[in-house]
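Colleague:
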DNA sequence: TACGACTGCTTGAACATTCAACGACGAATG
DNA sequence: CATTCGTCGTTGAATGTTCAAGCAGTCGTA
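Protein chains in written order, with full-length UniProt numbering: chain R, 1 to 163; chain L, 1 to 163.
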């Protein structure tokens with residue numbers, strides 16, 4: 001009987017987990033507040049503009065954009081609706097798939113991005129990179145890549161094998 | 001004229017930042033979904049129960065709880081209202097400060113926590129600790145402590161000096 | 001004690017996110 | 001071609017979060 005006792009976190013893991021929770025909470029609040037104040041949008045929305053700006057013709061299929069941003073299609077749909085109201089993004093029908101929509105970064109959107117970028121970078125730097133050694137930046141990158149890969153829907157993350 | 005060109009992120013920093021964004025987004029979604037499904041509450045709320053459960057007499061002043069959890073008092077107020085409806089937390093007047101309120105973990109709340117804990121730990125482990133070496137766990141802890149300290153309202157984080 | 005400034009906590013409205021359900025189209029199968 | 005199933009993207013309702021404002025109690029100071 002007895003479902004086996006769960007493997008609790010050891011002391012080091014516990015401390016790391018709590019430090020992570022505190023730091024990530026504080027960091028995302030910090031970044032969000034800065035962007036909201038100086039650019040009138042939360043970081044999630046800013047990130048969408050960045051992805052679009054780097055994409056050929058500054059446009060991307062909704063699903064691709066959602067996947068890159070690691071957000072749900074639903075969330076993206078709402079987000080783009082808002083960005084559209086601000087005139088920063090425009091929707092266009094996809095020429096090759098009649099179900100599809102393209103999110104297109106407008107000139108106004110690009111301008112908003114350009115205006116917001118310096119303050120944003122400064123915030124990220126001040127909170128993160130200015131405080132870490134180069135070696136720590138490397139370590140953090142490595143760790144986060146492992147975590148992200150493990151959770152990516154693609155990678156066949158967990159398991160024996162599904163099905 | 002010309003405000004000086006912002007110090008952009010170098011390539012390594014850029015990659016680390018994007019990996020961090022992806023990983024933290026995926027991780028918090030993963031954890032939230034697991035808890036929402038199995039315990040009927042988001043992680044933020046779960047964390048509140050944890051703090052209370054570890055506190056003497058399972059109670060804490062609202063402001064202290066907010067500070068520990070790194071959330072705003074407003075957010076805590078709403079959260080406790082919801083936890084109170086679930087019967088997991090109860091409010092009591094603070095005996096020493098008539099403005100104050102204590103959040104008290106009820107027996108039901110404690111039971112909910114006990115029930116949720118194993119699944120939660122398993123989720124955290126599976127997504128994070130099972131994938132990292134001991135050394136990486138140490139590194140991550142160190143890095144996150146630095147970030148958290150830098151952003152703590154206490155530390156007098158930024159600046160010349162206020163006032 | 002009276003005053004002003006500050007702290008503790010709450011409130012409601014605006015905004016963002018999740019979740020389940022849906023309509024429309026595409027692709028595979030017979 | 002007809003069926004069936006999967007994908008694309010959206011919607012609305014429920015839920016959570018932010019922000020600015022507010023009331024009530026406390027503290028410092030004269």
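From the three backbone atoms N, C-alpha and C, an ideal C-beta is built for every residue, glycine too.
Here the structure is a predicted model, which means the values were calculated and not measured.
What would DSSP say about residue 103(L), mapped onto helix, strand or coil?
Modeller: Your numbering for residue 103(L) matches position 103 in the second chain. Of the three classes helix, strand and coil, the one that applies to residue 103(L) here is strand, per DSSP.
Colleague: Would you list the residues sitting across from residue 89(R) in a DSSP beta bridge?
Modeller: By 1-based counting over the first chain, the position of residue 89(R) is 89. Paired residue(s): 105(R).
Colleague: Taking DSSP as the reference, what is the three-state secondary structure of residue 41(L)?
Modeller: Here residue 41(L) refers to the residue found at position 41 when the second chain is read from its first residue. Residue state, collapsed to three classes: coil.
Colleague: If we ignore side chains and look at the alpha-carbon of each, how far apart do residue 134(L) and residue 146(L) end up?
Modeller: The count along the second chain starts at 1 and reaches residue 134(L) at position 134. The count along the second chain starts at 1 and reaches residue 146(L) at position 146. Rounded to the nearest angstrom, the two C-alpha atoms are 19 Å apart.
Colleague: Taking the continuous beta strand (DSSP E) assigned at residue 61(R), which residues delimit it?
Modeller: Within the first chain, numbered from 1, the residue matching residue 61(R) stands at position 61. Run containing residue 61(R): 59–61, per the beta strand (DSSP E) assignment.
Colleague: Going by the CB atoms, is the gap between residue 49(L) and residue 104(L) shorter than 9 Å?
Modeller: For the purposes of this step, residue 104(L) is taken as the residue at position 104 of the second chain. For the purposes of this step, residue 49(L) is taken as the residue at position 49 of the second chain. No, they are not a contact pair.
Colleague: What is the rounded straight-line gap between the Cα of residue 65(R) and the Cα of residue 58(L)?
Modeller: Here residue 65(R) is taken as the residue at index 65 of the first chain, counted from 1. Here residue 58(L) is taken as the residue at index 58 of the second chain, counted from 1. Near 45 Å, if we compare the C-alpha coordinates of residue 58(L) and residue 65(R).
Colleague: So with Cβ pairs under 9 Å, would you call residue 124(L) a contact of chain R?
Modeller: For the purposes of this step, residue 124(L) is identified with residue 124 of the second chain, where counting begins at 1. True, the Cβ-Cβ gap to chain R drops below 9 Å.
Colleague: In chain R, what lies closer than 7 Å to residue 24(L) by C-beta?
Modeller: As a working note, residue 24(L) is residue 24 in the second chain. Chain R residues near residue 24(L): 24.
Colleague: Reducing DSSP to helix, strand and coil, say where residue 4(L) ends up.
Modeller: Numbered from 1 along the second chain, position 4 holds the residue referred to as residue 4(L). Correct three-state label for residue 4(L): coil.
Colleague: Using a Cβ-Cβ cutoff of less than 6 Å, which residues in the same chain neighbour residue 144(R) once the five nearest sequence positions on both sides are dropped?
Modeller: If you number the first chain from 1, residue 144(R) lands on position 144. Correct list: empty, nothing qualifies.
Colleague: Relative to the alpha-carbon of residue 73(L), which residue among 88(L), 95(L), 12(L), 100(L) has its alpha-carbon at the smallest distance?
Modeller: Position 73 of the second chain, counted from the start, is the residue given in the question as residue 73(L). Of the listed residues, the one whose Cα sits closest to residue 73(L) is 100(L).
Colleague: So, under 8 Å CB-CB, residue 125(R) and residue 7(L) are touching, yes? Tell me the CB distance rounded to an integer number of Å.
Modeller: Residue numbering aside, residue 125(R) sits at position 125 when the first chain is read from its first letter. Residue numbering aside, residue 7(L) sits at position 7 when the second chain is read from its first letter. Their Cβ separation, rounded to whole angstroms, is 7 Å, which keeps residue 125(R) and residue 7(L) in contact under 8 Å.
Colleague: Which residues, in chain order, does the segment 23–54 of chain R contribute to contact with chain L at a C-beta distance below 8 Å?
Modeller: Within the segment 23–54 of chain R, the residues whose Cβ lies closer than 8 Å to some Cβ of chain L are 23, 24, 25, 26, 27, 28, 29, 30, 47, listed in chain order.
Colleague: Hey, is residue 76(L)'s beta-carbon within less than 9 Å of any beta-carbon in chain R?
Modeller: As a first step, residue 76(L) must be located in the second chain, where it is residue number 76. Not an interface residue.
Colleague: Who are the neighbours of residue 113(L) on chain R, taking C-beta pairs under 7 Å?
Modeller: Residue 113(L) sits at position 113 when you count from the first residue of the second chain. What residue 113(L) touches in chain R: nothing, since even the nearest Cβ is about 13 Å away.
Colleague: Does DSSP classify residue 15(R) as helix, strand or coil?
Modeller: As a working mapping, residue 15(R) is identified with position 15 in the first chain. Helix.
Colleague: Taking residue 130(R) as the reference, which of 122(L), 119(L), 150(L), 111(L) has the closest Cα?
Modeller: Counting from one through the first chain, the residue named residue 130(R) turns up at place 130. Nearest option by C-alpha distance: 150(L).
Colleague: Using beta carbons (cut-off 9 Å, strictly below), is residue 57(R) in contact with chain L?
Modeller: The count along the first chain starts at 1 and reaches residue 57(R) at position 57. Output row for residue 57(R): interface = no.
Colleague: Taking Cβ-Cβ distances below 8 Å as the criterion, which residues of the segment 79–101 of chain R are in contact with chain L?
Modeller: Answer in chain order: no residues at all.
Colleague: Mind checking whether residue 140(L) and residue 139(R) have CB atoms under 9 Å apart?
Modeller: Residue mapping note: residue 140(L) aligns to position 140 of the second chain, counting from 1. Residue mapping note: residue 139(R) aligns to position 139 of the first chain, counting from 1. Cβ atoms of residue 140(L) and residue 139(R): closer than 9 Å.
Colleague: If you drop the 5 nearest sequence neighbours on each side, which residues of the same chain put their C-beta closer than 8 Å to that of residue 34(R)?
Modeller: On the first chain, residue 34(R) is found 34 positions in, with the first residue counted as 1. Only 119, 120, 123 meet the Cβ criterion.
Colleague: Mapping the DSSP letters down to three states, classify residue 68(L) as helix, strand or coil.
Modeller: Working through the second chain from its first residue, we reach residue 68(L) at position 68. Here residue 68(L) sits in helix by DSSP.
Colleague: How long is the line joining the alpha carbons of residue 136(L) and residue 12(R), rounded to whole angstroms?
Modeller: Taking the first residue of the second chain as 1, we reach residue 136(L) at position 136. Taking the first residue of the first chain as 1, we reach residue 12(R) at position 12. Approximately 11 Å, taken between the alpha carbons.
Colleague: Distance, Cα to Cα, residue 83(R) vs residue 102(R)?
Modeller: Taking the first chain and counting its residues from 1, one reaches residue 83(R) at position 83. Taking the first chain and counting its residues from 1, one reaches residue 102(R) at position 102. Answer to the nearest angstrom: the Cα atoms are 13 Å apart.
Colleague: How long is the line joining the alpha carbons of residue 24(R) and residue 132(R), rounded to whole angstroms?
Modeller: Taking the first chain and counting its residues from 1, the one referred to as residue 24(R) is at position 24. Taking the first chain and counting its residues from 1, the one referred to as residue 132(R) is at position 132. Each residue's Cα considered, the two are about 15 Å apart.
Colleague: Excluding sequence positions up to five away, which residues of its chain have a Cβ less than 8 Å from the Cβ of residue 106(R)?
Modeller: Locating residue 106(R) in the first chain gives position 106, counting from the first residue. Excluding sequence neighbours, residue 106(R) sits near 87, 88, 89, 90.
Colleague: Which residue comes first and which comes last in the alpha helix (DSSP H) that contains residue 151(L)?
Modeller: As a working note, residue 151(L) is residue 151 in the second chain. First-last of the alpha helix (DSSP H) with residue 151(L): 134–151.
Colleague: Run through DSSP, which three-state label would residue 27(L) get?
Modeller: Locating residue 27(L) in the second chain gives position 27, counting from the first residue. Residue 27(L) falls in the helix class under three-state DSSP.
Colleague: Using 9 Å as the limit for Cβ to Cβ distance, is residue 162(L) near chain R?
Modeller: Start at 1 with the first residue of the second chain, and residue 162(L) comes out as number 162. Low confidence applies here, because residue 162(L) scores a pLDDT of 31, under 50, leaving its location unreliable and the question unanswered by this model.
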